[in-house]
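Reviewing the structure listed below.
Number of protein chains: 2
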Amino acid sequence: MTAASDNEQYVELELTPELHSIFMEIKDLFSVYISSYVHVLNKFIGILRKISTLRFERSTLIKYVKKLRFYNDRLSNFEFSDPANAECSVPVESVVREISAFYLKVLETIDILNYYLTRSLQSEIVSKTLNFNLTLPDDTISRIEESYNCFIKFVQWMMESISINDELLQIEIIQFSLKCAIEDNVDLEETDNIFLTEVTPVEDIEEYETLALQWSEVLSGSISALTNQFDQSVVVWIENSEKKANK
Amino acid sequence: MTAASDNEQYVELELTPELHSIFMEIKDLFSVYISSYVHVLNKFIGILRKISTLRFERSTLIKYVKKLRFYNDRLSNFEFSDPANAECSVPVESVVREISAFYLKVLETIDILNYYLTRSLQSEIVSKTLNFNLTLPDDTISRIEESYNCFIKFVQWMMESISINDELLQIEIIQFSLKCAIEDNVDLEETDNIFLTEVTPVEDIEEYETLALQWSEVLSGSISALTNQFDQSVVVWIENSEKKANK
Numbered sequence: 001m002t003a004a005s006d007n008e009q010y011v012e013l014e015l016t017p018e019l020h021s022i023f024m025e026i027k028d029l030f031s032v033y034i035s036s037y038v039h040v041l042n043k044f045i046g047i048l049r050k051i052s053t054l055r056f057e058r059s060t061l062i063k064y065v066k067k068l069r070f071y072n073d074r075l076s077n078f079e080f081s082d083p084a085n086a087e088c089s090v091p092v093e094s095v096v097r098e099i100s101a102f103y104l105k106v107l108e109t110i111d112i113l114n115y116y117l118t119r120s121l122q123s124e125i126v127s128k129t130l131n132f133n134l135t136l137p138d139d140t141i142s143r144i145e146e147s148y149n150c151f152i153k154f155v156q157w158m159m160e161s162i163s164i165n166d167e168l169l170q171i172e173i174i175q176f177s178l179k180c181a182i183e184d185n186v187d188l189e190e191t192d193n194i195f196l197t198e199v200t201p202v203e204d205i206e207e208y209e210t211l212a213l214q215w216s217e218v219l220s221g222s223i224s225a226l227t228n229q230f231d232q233s234v235v236v237w238i239e240n241s242e243k244k245a246n247k
Numbered sequence: 248m249t250a251a252s253d254n255e256q257y258v259e260l261e262l263t264p265e266l267h268s269i270f271m272e273i274k275d276l277f278s279v280y281i282s283s284y285v286h287v288l289n290k291f292i293g294i295l296r297k298i299s300t301l302r303f304e305r306s307t308l309i310k311y312v313k314k315l316r317f318y319n320d321r322l323s324n325f326e327f328s329d330p331a332n333a334e335c336s337v338p339v340e341s342v343v344r345e346i347s348a349f350y351l352k353v354l355e356t357i358d359i360l361n362y363y364l365t366r367s368l369q370s371e372i373v374s375k376t377l378n379f380n381l382t383l384p385d386d387t388i389s390r391i392e393e394s395y396n397c398f399i400k401f402v403q404w405m406m407e408s409i410s411i412n413d414e415l416l417q418i419e420i421i422q423f424s425l426k427c428a429i430e431d432n433v434d435l436e437e438t439d440n441i442f443l444t445e446v447t448p449v450e451d452i453e454e455y456e457t458l459a460l461q462w463s464e465v466l467s468g469s470i471s472a473l474t475n476q477f478d479q480s481v482v483v484w485i486e487n488s489e490k491k492a493n494k
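Those sequence lines, one after another, are chains A and B.
For the first sequence, the positions run 1 to 247 when our numbering is used.
For the second sequence, the positions run 248 to 494 when our numbering is used.
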């Protein structure tokens, strides 16, 4: 699975100024990812104020917004140890463990939110209001899933490419995919499922930097597509709620 | 607030066989805490099968159960480094950081679940079914809150008593309590709010062991009271659903 389980030699990597700067960039991307949810949920919560049948759903969404804002505040205050100021070298492994544990806390919360938002809530809106203008379009739901998968795969890569494979840092969707693949006898060498494709351990810090930079671009593209979809949904909600008010 | 911010001398503690064994006990208590939710939610999910108006709430609860089961599996597979087998001494700080990050991931999830279960869902059940026999009694809701507060305060103690005060390991309910206290000019020396009472740094490993053992007893008592309340709720739900079936 990883270098560790193959008993390959594991070389401890040290944080470089370049990697520090890429990690800071990716931290900002996580922050934008969280903010995009806070923004779209706040808009939706505003619209739900007028729809009394959805008042309990509204309060559930407010709870999520508070939690996401709290996470985002922590991330904004957090600083990676700067190798330029450190008295001794900073192991990449300890930095990655610390930030991965936090990212996974955020992502597992977003997983439950995504389920609530794109499944239970969508069905409930249609069932209670018969108003399809308040639901999320399929394209938005696909983007929500795509971005989530992208961030999950990034965290898996960030850890496993330097042979971190801790029990407490496992990810539900990946463990679930592996379990299903084993039950269904899926050939892990031939699968298209991104959660089943193996993470190759990096050879050195330069390779880790190059790949981290590529990940930063992938995450950035994924967030742009997501916020674009969220913005479109907000426009449709507002247009429809104004039309209704003018009737 | 803590030794670190008072600039006191910080002595690095090493994991002892005694502390290792107390940490294992507390890990088992966390596991029982998670299992108690899985158990009561599964019973409730079973009862909801017959109530079609609550089918989307049922699917939301199933999502939570899966997440909690996943967390519990990780915890069951996890082993603390055993100081008896370790080649060199194990710093308590690194063990506490690792397990606290995991406990907080679980507790922040339980916080959102508690809100959904004890607020939104309770109102929704009454609104949709007018059946108060399906709701949670006030005593159960109080116990849910009490246990949550107890586990949160324990994790805060476990970290702050050895001067761990990381940004990424902050806890929403504690930060929220502090923010409100500052806004309301609450005297932090005189407050009854357990989240505002200061954690005193320990002097040595013996004191940490003694207090950890006391915490283990407090957590154990809190879980017993909670599971007792959950069991009573299940009995009432089943009795009422059988009565209804026999009508």
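C-beta atoms are modelled at their ideal positions from N, C-alpha and C, and glycine is treated no differently.
task: Taking only runs that begin and end inside the stretch 251 to 328 of chain B, name each unbroken alpha helix (DSSP H) of 4 or more residues, in chain order.
output: 264 to 295, 302 to 324
task: Could you check what DSSP says for E489 of chain B in three-state terms: helix, strand or coil?
output: Within the second sequence, the letter at position 242 stands for residue 489 of chain B. Three-state DSSP puts E489 of chain B in a helix.
- prompt: Taking all protein chains shown into account, do 16 or more other C-beta atoms lie within 10 angstroms of the C-beta of N72 of chain A, making it buried, or fewer, making it exposed?
  reply: The residue given as residue 72 of chain A occupies position 72 in the first sequence. So N72 of chain A ends up on the buried side.
- request: Answer with yes or no whether the minimum CB distance from L425 of chain B to chain A is below 8 Å.
  value: On the second sequence, position 178 is the one that residue 425 of chain B refers to. No, no contact with chain A.
K66 of chain A versus I359 of chain B: straight-line alpha-carbon distance, rounded: On the first sequence, residue 66 of chain A is found 66 positions in, with the first residue counted as 1. On the second sequence, residue 359 of chain B is found 112 positions in, with the first residue counted as 1. About 10 Å.
field: C-alpha distance - K400 of chain B paired with F442 of chain B, whole-angstrom precision
entry: Against the second sequence, residue 400 of chain B aligns to sequence position 153. Against the second sequence, residue 442 of chain B aligns to sequence position 195. Their backbone Cα atoms lie some 7 Å apart in a straight line.
field: Residue of A:L13, A:T135, A:S123 minimising C-alpha distance to L301 of chain B
entry: Here the question's residue 301 of chain B lines up with position 54 in the second sequence. Taking only the C-alpha atoms, the option nearest L301 of chain B is A:S123.
query: If you drop the 5 nearest sequence neighbours on each side, which residues of the same chain put their C-beta closer than 8 Å to that of F80 of chain A?
result: Residue 80 of chain A sits at position 80 when you count from the first residue of the first sequence. Closer than 8 Å at the Cβ level, and outside the excluded window around F80 of chain A, lie L15, H20, F23, M24, K27, V95, I99.
- request: Can you have a look at E57 of chain A and say buried or exposed, based on whether 16 or more other CB atoms are within 10 angstroms of its CB?
  value: For the purposes of this step, residue 57 of chain A is taken as residue 57 along the first sequence, with counting starting at 1. Note on E57 of chain A: 16 or more other CB atoms within 10 angstroms of its CB, so buried under the neighbour-count rule.
query: So which residues of chain A does S370 of chain B contact, with C-beta pairs closer than 9 Å?
result: Locating residue 370 of chain B in the second sequence gives position 123, counting from the first residue. Ordered by position in chain A, the residues that pass the 9 Å Cβ test against S370 of chain B are R55, F56, S59.
field: Cβ-based neighbour list, D82 of chain A, same chain, cut-off 7 Å, excluding 5 preceding and 5 following
entry: Numbered from 1 along the first sequence, position 82 holds the residue referred to as residue 82 of chain A. Hits under 7 Å: H20.
task: State yes or no: is the beta carbon of Q476 of chain B nearer than 8 Å to at least one beta carbon in chain A?
output: To locate residue 476 of chain B, count along the second sequence from 1; it is residue 229. Taking Cβ atoms only, chain A never reaches closer than 8 Å to Q476 of chain B, which makes this a no.
Chain-ordered chain A contacts of K352 of chain B [CB-CB under 8 Å]: The residue you call residue 352 of chain B lines up with position 105 of the second sequence. Within chain A, the residues near K352 of chain B are A101, L104, K105, E108.
field: Interface partners of N324 of chain B on chain A, CB under 7 Å
entry: Indexing the second sequence from 1 puts residue 324 of chain B at position 77. Within chain A, the residues near N324 of chain B are E167.
- prompt: Of all the CB atoms in chain B, is at least one closer than 8 Å to the CB of N7 of chain A?
  reply: Counted from its first residue, the first sequence places residue 7 of chain A at position 7. With a pLDDT of 43 at N7 of chain A, under the threshold of 50, the modelled position of that residue is not reliable, and the figure given next carries that caveat. Cβ-Cβ to chain B under 8 Å: no for N7 of chain A.
field: Other residues of its chain near T365 of chain B: CB distance less than 7 Å, five sequence neighbours each side excluded
entry: Here residue 365 of chain B refers to the residue found at position 118 of the second sequence. Cβ within range, chain order: L383, I388, I391.
- request: Following the continuous alpha helix (DSSP H) through Y395 of chain B, name the residue where it begins and the one where it ends.
  value: Taking the first residue of the second sequence as 1, we reach residue 395 of chain B at position 148. Run containing Y395 of chain B: 385 to 407, per the alpha helix (DSSP H) assignment.
query: Among the residues of its own chain, which have a CB less than 7 Å from the CB of V483 of chain B, if the five just before and after it don't count?
result: Along the second sequence, read from residue 1 onward, the residue named residue 483 of chain B stands at position 236. Contacts found: N380.
message: Could you tell me the alpha carbon to alpha carbon distance between R74 of chain A and K491 of chain B, rounded to whole angstroms?
response: Here residue 74 of chain A refers to the residue found at position 74 of the first sequence. Here residue 491 of chain B refers to the residue found at position 244 of the second sequence. If I take the Cα positions, the gap works out to 49 Å.
field: Contained alpha helix (DSSP H) runs [length at least 4] in the stretch 397 to 463 of chain B, N- to C-terminal order
entry: 419 to 430
- request: Run down chain A in chain order and give the residues with a C-beta less than 8 Å from the C-beta of K314 of chain B.
  value: Here the question's residue 314 of chain B lines up with position 67 in the second sequence. Going along chain A in sequence order, the residues near K314 of chain B (Cβ under 8 Å) are E108, D111, I112, E172.
Proximity of C397 of chain B and V285 of chain B at Cβ, strictly below 8 Å: Along the second sequence, one-based indexing puts residue 397 of chain B at 150. Along the second sequence, one-based indexing puts residue 285 of chain B at 38. Taking 8 Å as the cut-off, the Cβ atoms of C397 of chain B and V285 of chain B do not count as close.
task: Taking S127 of chain A as part of the alpha helix (DSSP H), name the residues at either end of that continuous run.
output: What you label residue 127 of chain A is simply residue 127 of the first sequence in a count that begins at 1. Membership of S127 of chain A in the alpha helix (DSSP H) is indicated by the continuous run 121 to 129.
- prompt: When you compare only the Cα positions, how much space is there between N475 of chain B and I162 of chain A?
  reply: Here residue 475 of chain B is taken as the residue at index 228 of the second sequence, counted from 1. Here residue 162 of chain A is taken as the residue at index 162 of the first sequence, counted from 1. In a straight line, the C-alpha of N475 of chain B is about 45 Å away from that of I162 of chain A.
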